[in-house]
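Single-structure report; data block below.
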Amino acid sequence: MWLPAERRTPSTRTPSTTGSSTPKGEAPRRILIVGAGIAGIASALSISQELGPYVPDLQITIYERNDVLSTSGGAINLTPVAQRHLDRLGVLDELNRQGSAGGADVDCIELFSSRSGRSLGAIDFTDRRGNSFGGYKGRRVMRIVLSLAMLSVVERTKNISIEFGKKLVRGENLEDGGKLHFEDGTTAQGDLVLGCDGVHSATRTRWVAPDCHSQYTGISFLQSIVDTDALQSKVHFNASAMNISRHGSLLTSYCDRDREQIFLAAIVQFDEQLLSDYRLDNGQDWHTRSAIKRALAEEMRIRFGKSALPCIRELACTHADWILYPVYQVPPNGKWHTDRAILLGDAAHAMPPRDESAAYALDDAILFSRTLARHRYEHPRAAFRAYESLRRDTVQSAFKASRRMWDKNRDMGMLEGRLKEWTLPFHLRHSRDERQAAWEYDASAIKIPDGEGTSASSSGDEVYSPTGERLYTVEKELKRMGI
3 MWLPAERRTP STRTPSTTGS STPKGEAPRR ILIVGAGIAG IASALSISQE LGPYVPDLQI
63 TIYERNDVLS TSGGAINLTP VAQRHLDRLG VLDELNRQGS AGGADVDCIE LFSSRSGRSL
123 GAIDFTDRRG NSFGGYKGRR VMRIVLSLAM LSVVERTKNI SIEFGKKLVR GENLEDGGKL
183 HFEDGTTAQG DLVLGCDGVH SATRTRWVAP DCHSQYTGIS FLQSIVDTDA LQSKVHFNAS
243 AMNISRHGSL LTSYCDRDRE QIFLAAIVQF DEQLLSDYRL DNGQDWHTRS AIKRALAEEM
303 RIRFGKSALP CIRELACTHA DWILYPVYQV PPNGKWHTDR AILLGDAAHA MPPRDESAAY
363 ALDDAILFSR TLARHRYEHP RAAFRAYESL RRDTVQSAFK ASRRMWDKNR DMGMLEGRLK
423 EWTLPFHLRH SRDERQAAWE YDASAIKIPD GEGTSASSSG DEVYSPTGER LYTVEKELKR
483 MGI
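Those letters in the sequence shown? Residues 3 to 485, per the numbering used here, in order.
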């Protein structure tokens, strides 16, 4: 079992007195986390590992607005980086114990032209010899399965608890901590608060940055799942594929180990004015829901029904239930923290594509927990500022790259679509070495800033470019390929 350096050391060890580790007060003992998604649970587990050895009576409480874990979101992509982080949090073993539902192994994401059927190359999760990166490749797994695996680890961790049905209405800074106010009239107080409640974060809009609201990107996912044995056409990909057209792209991927189901996600331009007309709600009558489902199915048929790939034509015309998921973002340069509360994951920096949000959330969780442990005897704002100095430039660069990449999924003309196909293989060949270096990224090896003003780019860690840009993300790779 993997343990961080601090966890391998007895909790009675004398803290370092160098730099910002000089004791100035008591370490935080009561930590509140808003949101039981990937960012929230990962933060709790990582803080338990990093801070727990120094604080024997540490108590971490996660507050989730829903009565149960959310089942929305479809299947998510776990890169080698994400799987490495999950392993160190103790989640990967639990995920593997889920059997076939634990996800489909993905050696690469193949790229095809929907127009011609031609293979355009692949984004590999293995090296040139087909070997994994430190034992980790890619994986596609249903979000709810990953959430349940993470919840199982939480249940075995004595200093973490979860309370469901806690909808945050406001938060406040106190002299000695942060206080949460919930819709049911209850409150909670802790030494510090982590807002991990997603792109529509109440922690952000009702406390940390009230003027920073989520924005629709103009792009939506149309998602569904089909049974593999229901297909008449031969599946043209090994594990996962992005099928590119001038009307958007269609992701097709197995999402279970036995390859009995295929997850579908069309990435398309969708008018914001039409979102409410295509949204499925529990209170709708049968006729309304049926009309919405027919309209979404027709949208898929129009966009991908004439593909040169028989499998794509069949999938586009399937009678599967399609669900529309608008993609939202949080404007860059927003405020991340107060003196007692900090935003992590999508609550701080949601950006397209959501397919990579798991990796970003895990990065945030591990980097922040290590920063908090290093600055444990200081006021929480010291850890907040040090963390922001480490992450801000990285997130800004990723946001810009992501925005450019998503613009390529907007509807385009025939010539522009052909140009995208022609240039893609060239970009794949010339970026392979950088991709391989990217999959070796390790958030537990990043140098943590000593002082409040230390910047990420001055840390000397080679996983960052001189501008602080992250190297590992799939969206950066796709952007470089012109998709």
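Beta carbons are placed, not taken as given, at the ideal position from N, Cα and C, and that holds for glycine.
Backbone secondary structure at residue i - three-state DSSP
{"i": "K295", "result": "helix"}
{"i": "F135", "result": "strand"}
{"i": "D365", "result": "helix"}
{"i": "I62", "result": "strand"}
{"i": "G192", "result": "strand"}
{"i": "T219", "result": "strand"}
{"i": "D348", "result": "helix"}
{"i": "R259", "result": "coil"}
{"i": "E380", "result": "coil"}
{"i": "H339", "result": "strand"}
{"i": "D229", "result": "strand"}
{"i": "F272", "result": "coil"}
{"i": "S163", "result": "strand"}
{"i": "F265", "result": "strand"}
{"i": "D89", "result": "helix"}
{"i": "A151", "result": "helix"}
{"i": "A106", "result": "strand"}
Buried versus exposed call for residue i [16 or more other C-beta atoms within 10 Å across all chains shown]
{"i": "T189", "result": "exposed"}
{"i": "D178", "result": "exposed"}
{"i": "F239", "result": "buried"}
{"i": "F166", "result": "exposed"}
{"i": "C324", "result": "This sequence places Trp at residue 324; Cys is not what is there. Classification for W324: buried."}
{"i": "P354", "result": "buried"}
{"i": "H289", "result": "exposed"}
{"i": "E390", "result": "buried"}
{"i": "D229", "result": "exposed"}
{"i": "E28", "result": "exposed"}
{"i": "D260", "result": "exposed"}
{"i": "T205", "result": "buried"}
{"i": "S203", "result": "buried"}
{"i": "L276", "result": "exposed"}
{"i": "R141", "result": "buried"}
Rounded C-alpha distance that separates residue i from residue j
{"i": "R10", "j": "L282", "result": "Caution applies to R10, whose pLDDT of 33 falls short of 50 and renders its modelled position unreliable; the value that the coordinates give is listed next. Straight-line Cα distance between these residues: approximately 50 Å."}
{"i": "S242", "j": "D348", "result": "25 Å"}
{"i": "V70", "j": "S251", "result": "32 Å"}
{"i": "Q217", "j": "F265", "result": "26 Å"}
{"i": "P328", "j": "I33", "result": "32 Å"}
{"i": "M483", "j": "L176", "result": "Confidence at M483 is low in this model, with a pLDDT of 46, below 50, so the placement of that residue should be treated as unreliable; the coordinate-derived value is given next. Rounded to whole angstroms, M483 to L176 spans 49 Å at the Cα level."}
{"i": "G220", "j": "F272", "result": "6 Å"}
{"i": "E52", "j": "L374", "result": "8 Å"}
{"i": "L317", "j": "I162", "result": "43 Å"}
{"i": "K169", "j": "I64", "result": "12 Å"}
{"i": "Y138", "j": "Y280", "result": "39 Å"}
{"i": "M244", "j": "Q61", "result": "43 Å"}
{"i": "T320", "j": "S222", "result": "19 Å"}
{"i": "G54", "j": "R31", "result": "9 Å"}
{"i": "C198", "j": "D89", "result": "21 Å"}
{"i": "S457", "j": "A232", "result": "For S457, the predicted structure reports a pLDDT of 38, less than 50, and the residue's modelled location is therefore unreliable. The matter cannot be settled from this model."}
{"i": "H351", "j": "V397", "result": "7 Å"}
{"i": "V156", "j": "A103", "result": "20 Å"}
{"i": "R115", "j": "S121", "result": "In the sequence as displayed, the identity of residue 115 is Ser instead of Arg. The straight-line gap from Cα to Cα measures roughly 6 Å."}
{"i": "Q225", "j": "I269", "result": "9 Å"}
{"i": "F127", "j": "Y443", "result": "13 Å"}
{"i": "A400", "j": "P334", "result": "10 Å"}
{"i": "A293", "j": "F306", "result": "20 Å"}
{"i": "E380", "j": "A445", "result": "23 Å"}
{"i": "G39", "j": "I111", "result": "25 Å"}
{"i": "F386", "j": "A447", "result": "19 Å"}
{"i": "Q100", "j": "L94", "result": "10 Å"}
{"i": "C313", "j": "L113", "result": "14 Å"}
{"i": "I368", "j": "H87", "result": "8 Å"}
{"i": "D341", "j": "L196", "result": "12 Å"}
{"i": "L326", "j": "V57", "result": "45 Å"}
{"i": "I43", "j": "W338", "result": "19 Å"}
{"i": "R172", "j": "D452", "result": "32 Å"}
Residues bridged to residue i [DSSP beta-bridge criterion]
{"i": "N245", "result": "F114 and L252"}
{"i": "N79", "result": "R142"}
{"i": "N175", "result": "G180"}
{"i": "R32", "result": "Q61"}
{"i": "Y330", "result": "Y218"}
{"i": "S1", "result": "Nothing can be reported for residue 1, as the shown portion of the chain is limited to 3 through 485."}
{"i": "A84", "result": "Answer is none; A84 lacks a bridge partner."}
{"i": "D126", "result": "C110"}
Stretch pair the stretch 184-201 + the stretch 144-155: three plus CB contacts closer than 8 Å: Fewer than three pairs of CB atoms, one per stretch, sit closer than 8 Å, so the stretch 184-201 makes no contact with the stretch 144-155.
Three-pair Cβ contact test at 8 Å for the stretch 46-55 versus the stretch 209-220: These segments do not touch.
Cβ contact check for the stretch 93-112 and the stretch 253-263: 3 or more pairs under 8 Å: Contact annotation: the stretch 93-112 touches the stretch 253-263, with at least three C-beta pairs closer than 8 Å.
Cβ contact check for the stretch 357-366 and the stretch 66-83: 3 or more pairs under 8 Å: The answer is yes - the stretch 66-83 touches the stretch 357-366, with three or more Cβ pairs under 8 Å.
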